[in-house]
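In the working numbering, the protein residues as written are 1142 to 1444. Beta carbons: idealized from backbone N, C-alpha and C, even for Gly. Before any comments, here is the structure.
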């Protein structure tokens, strides 16, 4: 029960951490929170990793930006705060937050949840890594990418029960049983009635990758860049031309229709384990919905 409570509440624990971090940052600067927001904004990118035992923990990059109205995309903060002090504030904030998890079933105790003693914060140096113990931006990006995908290989929450490690299979069955109790109104708190939606994620109701709005470019811009690249590539293949024709399609509008006269086989399967995980989750959700529809239909007939 404790593990399921942790999975369920961990996104809220992270949200509270970001709130406390901003408050403690203002205290460290000797300013009000309102005044601090005019000078500096906390930005972050976070990934959630499943440990082998199925528990979620977080890896995050935290950055301070300046005035969001500055013409620069990522202006430096207009405050005097060292990187080491920011790391210390992050550790203090993580240690300060907690949440009381309501009982899952009748007779189950309430639980006080908080981040563990293994919280760690280190300074990331752009282009660094030459000094022993120094973390470069590239090394951290590779580390986060590695563990974000490693989680899907170790746990594979969206996979079928067959072939899973016994602990993970038992955990999913327990969550499914609790979801069934919730549907019958036997669960202590109504909020757990949505547990059934997250069986495939072992009770974790967050996304595996999140970021603050201004940490980096938006997903919309990434999708737009991907579409433009695909259009340029299609034009090049159609006309048999090389990179010199790139500029001819830079300004293609969304309404542009490209006629492809030739197709070639590139490959099959998913590009990476993350795509495979999302597909497995979608399939699992579809099966759960169909099962729920079947149960509802049988219940109506019985009544």
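What did DSSP end up calling residue 1173 once you bin it into helix, strand or coil?
coil
Need the endpoints of the beta strand (DSSP E) that residue 1242 sits in, please.
1240–1242
So does the segment 1249–1266 actually touch the segment 1224–1237, counting three or more Cβ pairs closer than 8 Å?
yes
Work out the CA separation of residue 1366 and residue 1395 for me, nearest whole Å.
Confidence at residue 1395 is low in this model, with a pLDDT of 47, below 50, so its placement is unreliable and no value can be given for it.
According to the Cβ coordinates, are residue 1222 and residue 1166 closer than 9 Å?
yes
Which word fits residue 1160, buried or exposed, when buried means at least 16 other C-beta atoms lie within 10 angstroms of its C-beta?
exposed
In chain order, what residues of the same chain lie with their CB nearer than 6 Å to the CB of residue 1187, ignoring the 5 residues before and after it?
1199, 1201, 1351
When you compare only the Cα positions, how much space is there between residue 1451 and residue 1231?
Nothing can be reported for residue 1451: it is not among the residues displayed for the chain, which extend from 1142 to 1444.
Inspect the beta-carbon positions of residue 1179 and residue 1208 and report whether they are closer than 9 Å.
Their beta carbons are under 9 Å apart, which means residue 1179 touches residue 1208 by this criterion.
Could you tell me whether the Cβ of residue 1214 comes closer than 9 Å to any Cβ of chain D?
No chain D is present in this structure, which holds just one protein chain.
Taking 9 Å as the cut-off, decide whether the C-beta atoms of residue 1319 and residue 1145 are in contact.
yes
Could you tell me whether the segment 1432–1439 touches the segment 1338–1353, using the rule of 3 or more Cβ pairs below 8 Å?
no
Return the residue from the list 1422, 1416, 1276, 1371 that minimises the CA-CA distance to residue 1339.
1422
State the DSSP-derived secondary structure class of residue 1204, mapped to helix, strand or coil.
Residue 1204: strand per DSSP, three-state reduction.
Return yes when the Cβ of residue 1149 is within less than 9 Å of the Cβ of residue 1242, no when it is not.
yes
Output the boundary residues of the alpha helix (DSSP H) element that contains residue 1319.
1307–1324
Who are the near neighbours of residue 1357 in its chain, counting only those whose CB is closer than 8 Å to its CB and skipping five residues on each side?
1186
Mind checking whether residue 1181 and residue 1206 have CB atoms under 9 Å apart?
yes
Enclosing alpha helix (DSSP H) for residue 1222 [first to last residue]
Note, residue 1222: premise wrong, no alpha helix (DSSP H); not H, not E.
For residue 1154 and residue 1332, I'd like the C-alpha separation in whole angstroms.
16 Å
On the DSSP letters alone, give me the boundaries of the beta strand (DSSP E) that residue 1252 sits inside.
Counting along the chain, residue 1252 sits inside the beta strand (DSSP E) bounded by residues 1252–1254.
What does a CB cutoff of less than 8 Å around residue 1317 pick up in its chain, not counting 5 residues either side in sequence?
Only 1337, 1340 meet the Cβ criterion.
Please classify residue 1420 as buried or exposed, where buried requires at least 16 neighbouring CB atoms within 10 angstroms.
Residue 1420 should be labelled exposed.
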